[in-house]
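Residue numbers (our numbering): 42 to 1286.
For every residue, glycine included, the Cβ atom is placed at its ideal position computed from N, Cα and C.
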């Protein structure tokens, strides 16, 4: 189209004007504003919705941050600055752009920089975690988002500075210290995680008072701060600190899934990341690459420094900046452990031997880093560092090889780092004692040849204790340290059942406890004269805790360790039990700590010197609460004791006999001096003082007073009630004395019997009469006297129903038993239906009690002992004799005609118990031989209990019973008997954990007896023995069953839930032997099934792969670990001794390429150690765990590749050739292959 000319354009415009003119001749309207018009409508009102979407200058800057505090550097140092800053900020997100503004003239940076991240979240994380990062002493990063500047640009004109808030006093965090009676507090936790109950109690007298009771106060457990100011509770989102009179929340620290925390000694800082407790401000977070053993960080005594170990270095950080001290770590090649002095800024650490350089212990001052003492050590296996609480002494326990190690001998292993090294032949032990307060810090040494189980310093004092010797009869040795002298041997307590030491916080007293394997044995010892104040036990004790004052001890059984007998017991420091508190789901008991005393050492010394001035006041106050007696009565008793002391009764005279006392003069008539009530009050006080175990001298003095009163002829007379009848239901001093365990108790009890000579006083708490106590203490003449008074020999205890004969036989009092048997009912049952014969059969071994029982009855011919009497549970004496391994009782009862076929209410006969317990074959033979010889009633070999189990079911269920099984079969046991679940003995064999030769023995024994076995029998769940053997991962048992005709045509492979019934995840994952045994067993079972014609399905293979996932058999990650861990010299020395097969060691296997190792290692190759205790368990911990999973990885490599190939091809829709898929799969780990199979199965589902 041609363009229009200018004339044409003008003509067109004229035409348009003509058209626009109104046709009716009217003028065109004018829309312009008049000259004086004012527009009062602003743009916001007119275009508000449009302006709201107007782009801002800062839009798109959510990912940009500004960093102030960047060092100013010249261009040649800019590249290095950029690498340092970007390395720090790059941890928080991906940096996509950066800009360092520079001076146009000098080109020097201006001290700030801009960084753009790939996402807003990365920028926010950088601000949150990087702000206040201290680059060095002069430079600290201040980081803000660019968008933050907008809020400072739009400050309101009406803004005013915030007005000061009025002072609000915070709660007194130390109010608990102001208690007028100085009672301590303790906290207990019960319940299950997520549903706990936390209670804080005050240990007041006579009963504790609850201070706070809150359900779900914590999710797991609690922890007191070191000085008792705060109570820490643990939650999913973090940790909360509580304090004050009402335990109000003081701070909360957000950090998910916290399991452990660590307070600094002065409670200034809290270690999750580093938090300031007073301000709640986060100071710094750490990523430690060293050994992960708690506590990772250790604090100096004054909170000024905190240190941790990293590889070949010790890092010390100073507070409050938490910057590295002097910006460099301390070079400590191979450092194994370190510890701060509890009173000085001195750090002790030890380094192992390195080639020709000996091991050494170093003491270093901080912050000067001056090494004030070094001590070289030779032939070292391990060291442990123990500081005395006052910092005066340091003990280093050194485990040594007794002679210089040769190349073929064991060297130090990584397992020694954090675990007690196992004792074996050729080891010796030294204790190096450093005298810290003496010039040049001299060192003394104590050597021991026996294994060491525990070491502990006396908290206040200079003694220390060592548990040493072979288990179970260990010894406890005590040593004392003095300035300028070598450690002095003080005492050796031999053959003690203990493995832990617990000193009183105030020193002098110690509890030697046998925890875990020693069933809670307890011994309370006074180390001033090494008197054993009490020897007792608290079954299954898991924890022992002293209160801060050293007056009380608590032993507890936590549900974290065991589910039975949970609760805590409260003891005095002398070992007298005060309270037994049983609580279901009891978890934790913690005393509230107290801060150190503000008194000077001189003031404390002065108080101790004059303690006797004040002790009577406190003793009187305590007794007033305990007895609820009036103040006037207490004062009257003290006055009476003073009057008695005026007679100057000499201890030597009291210990002499009555004749000698008569020579000195007649014993005064006490009734002429005291009122009867006053004498009884004095006797009661003496017994209570003995029970409090104030000391051996006090016990003797109180015992002598009781003996004196008895010799003086004083007799108790019962009080009368309103009807004129004697009040006989009360707890007498005799009852209380019988409950205590103290020196010369028998003499005191005999003296009290002379005073309280009535047999019918009954203790309201226990139900025991004086007659029961006389039988318990074997006081023949008193029992005879009480019988002459008319005492019923068959009187029973109200609470238990025990007769005097029960008690005499229970405590082995044979003389009293003979006396009672002449007149008492020997068949009288107690409340549990147990006769004296039952009680006797529960005693271990041949102690004569059973012989006495039968001999007296035979001689008197008064009554026949009922040998088949049954208690309320249906147990006969023979049943109990079998259960308690009392072989003499078994033989004697059978000779007396006991019926071995009688069952209890559970249907268990003596034969069931013999087969259930680890009794040997000869015990079983003795039972049947006695039955045959004595012509006793036969013992049915196939009798069933209430679950339908025969003795053979129990015999095949355990270990070490192969001969027992064979013997039962020869006696006619039915090999195909089924229980209520439809299980035959063959099912029971296949469900065992042990894949040994029992199944072969079982088949062979039945072959000899021509007894066919139902190898394909099904239980109530439809399972065959073969299914159970496969679920047990027992290839040997599977092989025998298949050889014996197990049917594969109807075989159903076990499901994941079936495997889960057999092995709970976590049960065996820590043991290489079990881990490889189970892993190879799983694969060997599959291989054997396929060899016999079973077609393994994808679901079957997935179930096996699931075992590897559930039980931790996949190869561990080596991230953060030396990539050449397998070349570690210590590891290599051990690994070369562990044989995988006859020609392949663990060391060789790990050095082979993965594919080549997989070809050499077969499913049925099990680890066969030459001696696991000497080799495997000394493998360094981390390499050992890596090796475990590495061997499992190799073992199962072919299996996983085979079953993952087609699922992989299915997932990629067969787009890649099979050969290429195989090459891809070869590069993947077993865990990845399992996930491929899992994904394919879910896709198909």
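Is residue i near the ligand GTP, with its Cβ less than 6 Å from a heavy atom?
i           : result
residue 809 : As far as ligands go, the structure on display features none, and thus does not contain the ligand GTP.
Within 10 Å of its beta-carbon, does residue i have 16 or more other beta-carbons around it, so buried, or fewer, so exposed?
i            : result
residue 441  : buried
residue 1235 : buried
residue 1254 : exposed
residue 789  : buried
residue 761  : exposed
residue 911  : buried
residue 1285 : exposed
residue 193  : exposed
residue 1136 : exposed
residue 1275 : buried
residue 1029 : buried
residue 812  : buried
Give me the Cα-Cα distance between residue i and residue j, rounded to the nearest whole angstrom.
i            : j            : result
residue 274  : residue 268  : 16 Å
residue 1158 : residue 240  : Note that residue 1158 has pLDDT 46, beneath the 50 cutoff, so the model's placement of it is unreliable and the number below is only indicative. Approximately 43 Å between the Cα atoms of the pair.
residue 372  : residue 304  : 27 Å
residue 425  : residue 385  : 19 Å
residue 312  : residue 341  : 14 Å
residue 103  : residue 322  : 26 Å
residue 808  : residue 1052 : 59 Å
residue 476  : residue 326  : 37 Å
residue 982  : residue 1078 : 26 Å
residue 582  : residue 597  : 6 Å
residue 161  : residue 493  : 59 Å
residue 107  : residue 406  : 41 Å
residue 1282 : residue 111  : 55 Å
residue 876  : residue 867  : 7 Å
residue 423  : residue 508  : 18 Å
residue 589  : residue 850  : 43 Å
residue 720  : residue 749  : 12 Å
Given a cut-off of 7 Å on the beta-carbon distance, is the pair residue i and residue j in contact?
i            : j            : result
residue 122  : residue 171  : no
residue 517  : residue 506  : yes
residue 1010 : residue 1046 : yes
residue 362  : residue 175  : yes
residue 857  : residue 816  : yes
residue 891  : residue 933  : yes
residue 1081 : residue 1133 : no
Name the two residues that bound the continuous alpha helix (DSSP H) containing residue i.
i            : result
residue 608  : Looking at the DSSP string, residue 608 is not in any alpha helix (DSSP H); the run it does join, the beta strand (DSSP E), is 608-613.
residue 511  : No alpha helix (DSSP H) holds residue 511; DSSP gives it neither H nor E.
residue 121  : 119-130
residue 167  : 161-171
residue 1078 : 1076-1084
Check for me: the beta strand (DSSP E) holding residue i runs from which residue to which?
i            : result
residue 392  : 387-392
residue 441  : 434-442
residue 153  : 153-158
residue 1271 : Looking at the DSSP string, residue 1271 is not in any beta strand (DSSP E); the run it does join, the alpha helix (DSSP H), is 1271-1285.
residue 563  : 562-567
residue 576  : 572-578
*Per the contact definition of three or more C-beta pairs closer than 8 Å, is the segment 250-258 in contact with the segment 638-655?*
no
*Count the C-beta pairs between the segment 149-162 and the segment 128-138 that are closer than 8 Å, then say yes if the count reaches three, no if not.*
yes
*On the three-pair Cβ rule with 8 Å, is the segment 940-958 touching the segment 993-1011?*
yes
*Is the segment 282-298 touching the segment 206-214 in the sense that three or more CB pairs, one from each, lie closer than 8 Å?*
yes
_Taking 8 Å as the cut-off, does the segment 620-637 touch the segment 223-233 (at least 3 CB pairs, one atom from each stretch)?_
yes
*Counting Cβ pairs closer than 8 Å, one from the segment 194-206 and one from the segment 599-611, do we hit at least three?*
no
*asked:* If contact is defined by three or more beta carbon pairs under 8 Å, each pair taking one atom from either stretch, is the segment 477-484 in contact with the segment 508-523?
replied: no
*Taking 8 Å as the threshold, find out whether the segment 391-398 comes into contact with the segment 341-354 through three or more Cβ pairs.*
no
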